[in-house]
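Counted the way this note's numbering counts, the sequence shown spans residues 8 to 110. Cβ atoms here follow ideal geometry from the backbone N, Cα and C, with glycine treated the same way. As the structure is a computational prediction, the values presented were derived from the model and not from experiment. First up is the structure itself, then whatever we jot down about it.
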Amino acid sequence: MADEKTPDYERISITVPRELAEQLRGMKDANVIESVSAFVARTLAGQIDRDRRHRESDERLRREFGLGDEEIALARQWADDTTGRRTRLSLDQYIATRRSSAA
8 MADEKTPDYE RISITVPREL AEQLRGMKDA NVIESVSAFV ARTLAGQIDR
58 DRRHRESDER LRREFGLGDE EIALARQWAD DTTGRRTRLS LDQYIATRRS
108 SAA
């Protein structure tokens with residue numbers, strides 16, 4: 008336990024729209040969240056992680072498969088359509104179909 012490092016924190020102030028502030032205070036008052044600051048910190052950290060994973064995924068698609076921005080967007084749409092059972096096409100067929108219909 009002596010090796011545990013306490014995270015570093017820095018207090019900053021942010022401005023949010025009044026409606027959001029009221030909603031957050033209401034959530035705190037209703038015990039939906041433990042505190043506004045903890046909720047905001049977790050939400051921001053989660054968004055930062057999602058953004059980082061998205062960038063890393065794009066970089067991997069470019070590096071490993073040689074995909075450009077258009078192909079990456081189509082690959083994401085294909086994955087969504089495949090998961091939602093809206094297509095049974097392979098990725099190559101899907102991209103070719105989308106490109107021919109856009110032309």
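Which word fits residue i, buried or exposed, when buried means at least 16 other C-beta atoms lie within 10 angstroms of its C-beta?
i	result
tyrosine 101	buried
leucine 81	buried
Have a look at residue i and residue j and give me their C-alpha separation to the nearest angstrom.
i	j	result
threonine 104	threonine 89	14 Å
arginine 32	tyrosine 16	22 Å
phenylalanine 46	serine 108	45 Å
aspartate 76	isoleucine 40	39 Å
glutamate 66	glycine 53	20 Å
alanine 86	alanine 48	31 Å
isoleucine 79	aspartate 36	44 Å
So what's residue i in DSSP terms, helix, strand or just coil?
i	result
glycine 53	helix
glycine 75	coil
valine 43	helix
threonine 90	helix
lysine 35	helix
glutamate 17	coil
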